[in-house]
Amino acid sequence: MEIFGTFSIVARCPKTLALGVCVSTAAPAVGSRVPHVEARIGAIATQAKTNVLYGINGLKLLKMGLSPQTALETMLKEDSDRESRQVIIIDRKGRSVAFTGRETCDWKGHLIGKDYVVAGNMLVGNSVVDAMAEAFESSEGELSERLMKALEAGQKAGGDKRGKTSAALLVAQKGQVGTHPLLDLRVDEHQDPVRELRRVFEIYKELEET
Numbered sequence: 044m045e046i047f048g049t050f051s052i053v054a055r056c057p058k059t060l061a062l063g064v065c066v067s068t069a070a071p072a073v074g075s076r077v078p079h080v081e082a083r084i085g086a087i088a089t090q091a092k093t094n095v096l097y098g099i100n101g102l103k104l105l106k107m108g109l110s111p112q113t114a115l116e117t118m119l120k121e122d123s124d125r126e127s128r129q130v131i132i133i134d135r136k137g138r139s140v141a142f143t144g145r146e147t148c149d150w151k152g153h154l155i156g157k158d159y160v161v162a163g164n165m166l167v168g169n170s171v172v173d174a175m176a177e178a179f180e181s182s183e184g185e186l187s188e189r190l191m192k193a194l195e196a197g198q199k200a201g202g203d204k205r206g207k208t209s210a211a212l213l214v215a216q217k218g219q220v221g222t223h224p225l226l227d228l229r230v231d232e233h234q235d236p237v238r239e240l241r242r243v244f245e246i247y248k249e250l251e252e253t
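Numbering (my numbering), first residue to last: 44 to 253.
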């Protein structure tokens, strides 16, 4: 399955060293393909004409010590269909990189900031990624909450121009058990997936506090 038309954010918390991805799209089950995170390694979103190997192999290359830039260049060089991809990466040191292929659908683009990258394709306009960046930069607290606020801002700005179907939030943090994610929430099919993801996230937080 190929997922077209997505907006996402990858980010790092410099205090806790948590890494995460938050994403939404008009296709179902975005959480099964786009977000990839490993504690103490990095966070990757692979979208547009999605190739999950960018997430799987990207984390392996980061673990080997490659920078996000070198890791991405290595994978793009081996991909004959690279111009249909959109990939964003951040590592545990906060180093980041983004690629938006020429053949991805308009509106398409990305924005790199301190400790985060936002990107999207087949969006209503650049206002989506701008709103996500502003929301992340102006927010405080846990990384998971800041990621959710960024995604909500992107949806409020118009999101995927085809509509909305699924959303996901994936966070990993140092100190957790092995490589198992700290937080892995998914809304696979819903008429308002970002709002539903927020509802599930609030339930999760309540359980964590008990």
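Even glycine gets a Cβ: it sits at the ideal position worked out from N, Cα and C.
- Query: In chain order, which alpha helix (DSSP H) runs of at least 4 residues are fully inside the region 129–192?
  - Reply: If only complete runs of 4 or more residues are kept, the region 129–192 shows the alpha helix (DSSP H) at 170–181, in order along the chain.
- Item | Where residue 82 sits in the DSSP three-state scheme | Residue 82: coil per DSSP, three-state reduction.
- Item | Spatial distance of residue 187 from residue 149 (CA atoms) | One C-alpha to the other measures close to 28 Å.
- Collapsed DSSP secondary structure at residue 117 in the structure displayed: DSSP, reduced to helix, strand and coil, places residue 117 within a helical segment of the structure shown.
- Helix or strand or just coil, what does DSSP make of residue 55? Strand at residue 55.
- Item | Helix, strand or coil at residue 63 [DSSP, three-state] | The three-state reading of DSSP puts residue 63 in strand, counting E and B together.
- Item | Given 8 Å, three or more beta-carbon pairs between the region 173–191 and the region 59–66 | Contact check between the region 173–191 and the region 59–66: three or more CB pairs, one atom from each, fall below 8 Å, which counts as touching.
- Query: Since residue 95 contacts residue 49 with CB under 8 Å, what's their CB separation in whole angstroms?
  - Reply: About 13 Å; that fails the 8 Å criterion.
- Item | Beta carbon of residue 137 nearer than 7 Å to that of residue 229 | No. Outside cutoff.
- Roughly how many angstroms separate the alpha carbons of residue 113 and residue 234, rounded to a whole number? Distance between the alpha carbons of residue 113 and residue 234 is about 39 Å.
- Task: Can you have a look at residue 108 and say buried or exposed, based on whether 16 or more other CB atoms are within 10 angstroms of its CB?
- Result: By the neighbour-count definition (other C-beta atoms within 10 Å, threshold 16), residue 108 is an exposed residue.
- Query: Quick one: is residue 236 buried, meaning 16 or more other Cβ sit within 10 Å of its Cβ, or exposed?
  - Reply: Its Cβ being crowded by 16 or more others within 10 Å, residue 236 is buried.
- Collapsed DSSP secondary structure at residue 109 in the structure displayed: Residue 109 falls in the coil class under three-state DSSP.
- Taking the alpha helix (DSSP H) that residue 238 falls in, what are its first and last residues? Its alpha helix (DSSP H) spans residues 236–252.
- Message: Can you look up residue 209 in the DSSP assignment and give me helix, strand or coil?
- Response: For residue 209, the three-state secondary structure derived from DSSP is strand.
- Message: Only counting the same chain, and skipping five residues up and downstream in sequence, which positions put a Cβ closer than 6 Å to that of residue 178?
- Response: If you ignore the 5 residues before and after residue 178, its C-beta comes within less than 6 Å of the C-beta of 192, 193, 196, all in its own chain and listed in chain order.
- As assigned by DSSP and simplified to three states, the class of residue 225: It is coil, neither helix nor strand.
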